[in-house]
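A quick write-up on the structure given underneath.
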Amino acid sequence: MSKKKQGFLSSFSSFMMAVLAILAFRWLLFEPYVIPSGSMRPTLLVHDHILVNKFAYGVRVPFMKQWIFKRDNPKRGDIVVFRAVNQSYFMVKRVVGEPGDKIEYLTDGTLIINGKEIVRRDMGPGLEPKNQDPYYHVDELGIGGPFEQFTFYEETNENAKYRTLQLLGFPRDHFQIDVPEDHLFMMGDNRDNSADSRVWGPLPIDHVLGQAMFVWLSCDHTLSLLPFLCNPLELRWDRFFHSVD
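The sequence shown runs 11 to 255 under the numbering used here.
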């Protein structure tokens, strides 16, 4: 075999190994995801780029729902990325109910799980940064409207503590459901502007892709000609490597 051909085969082999390593990294361990909507405000903002830990709950066969092996199921409070029910696209929401839980959601926004009211603290409208401590300080552009339209709450769901958002004066329906086995009940932190399990029902666990880890890139707006890229003049620098909780 000529040296030229050997060199080509060596280069091609190195290239293929690099491609396989990148694909394995995405299939098995981590994958990026971009937040497309405001349903997880104020925790995740539109155009947040997050990294998803695909190993958090186990390892799947690439491009399939079957597990190579499973670890723990998602827990209440986890933020997960998953395949939408009866759809081909992916979504991100928070787990508020596990298999077997009895979920009730009252018209004032109170969440009840297994007959126990989830503790929530009224944080006010967030007009001053100190009202948002210890959470990331969002502005009106980040939450999609004037502060006067919203109220922040801090919920404590078992060991998880996180912030939610409600519209003032918003009419809500009373909701009750029993979560089936091998399913989860998902809700957006933007409680009055989220299509979640209150709309499409409990989520099959095998739809879960992984757990959200942190924001690695964020911007207020994208480029007009390339809407999948952040505008470098409108980056949210203080959100870089901001943990998701």
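Cβ atoms here follow ideal geometry from the backbone N, Cα and C, with glycine treated the same way.
Discussion item. Tell me whether the segment 51 to 59 and the segment 140 to 154 touch, counting them as touching only if at least three CB pairs, one residue from each stretch, are closer than 8 Å.
Written reply: They touch, by the three-pair rule.
Discussion item. If you reduce the DSSP assignment to three classes, tell me which class residue 218 lands in.
Written reply: strand
Worksheet item: What residue does the alpha helix (DSSP H) around residue 152 start on, and which one ends it?
Response: 150 to 153
Discussion item. Tell me which residues share the same chain as residue 168 and place their Cβ nearer than 8 Å to its Cβ, disregarding the 5 neighbours each side in the sequence.
Written reply: 85, 86 and 87
Discussion item. Taking its Cβ as the centre, do 16 or more other Cβ atoms sit within 10 Å of residue 198, making it buried, or is it exposed?
Written reply: buried
Worksheet item: Looking at the structure shown, is residue 85 part of a helix, part of a strand, or coil, going by DSSP?
Response: coil
Worksheet entry | Spatial distance of residue 214 from residue 122 (CA atoms) | 21 Å
Item to complete: Report back the beta-carbon spacing between residue 102 and residue 95 to the nearest angstrom; my notes put them in contact at under 8 Å.
Response: With 8 Å as the limit, residue 102 and residue 95 do not qualify as a contact, their Cβ atoms being about 14 Å apart.
Worksheet item: Hey, how far is the Cα of residue 39 from the Cα of residue 222?
Response: 12 Å
Worksheet item: When the Cα of residue 61 is compared with those of 131, 180 and 225, which residue comes out closest?
Response: 225
Practice prompt. For residue 129, name the three-state secondary structure that DSSP assigns.
Written response: The answer is strand: DSSP assigns residue 129 an E or B state.
Worksheet item: Taking all protein chains shown into account, do 16 or more other C-beta atoms lie within 10 angstroms of the C-beta of residue 191, making it buried, or fewer, making it exposed?
Response: exposed
Discussion item. Going residue by residue through the segment 173 to 246, where are the continuous alpha helix (DSSP H) segments of at least 4 residues, counting only ones entirely within it?
Written reply: With a minimum length of 4 residues, the continuous alpha helix (DSSP H) runs that stay inside the segment 173 to 246 are 207 to 210.
Worksheet item: Run through DSSP, which three-state label would residue 140 get?
Response: helix
Item to complete: Specify the secondary structure class of residue 121 as computed by DSSP and reduced to three states.
Response: strand
Fill in: Assigned secondary structure, residue 61 (DSSP; H/G/I helix, E/B strand, else coil)
strand
Fill in: Beta-ladder partner(s) of residue 252, from DSSP
225
Worksheet item: Is the CB-CB distance between residue 163 and residue 119 below 9 Å?
Response: yes
Fill in: residue 114, DSSP secondary structure in three states
strand
Discussion item. For residue 186 and residue 139, what's the separation of their Cα atoms in angstroms?
Written reply: 35 Å
Discussion item. Per DSSP, what are the beta-bridge partners of residue 101 in this structure?
Written reply: 92
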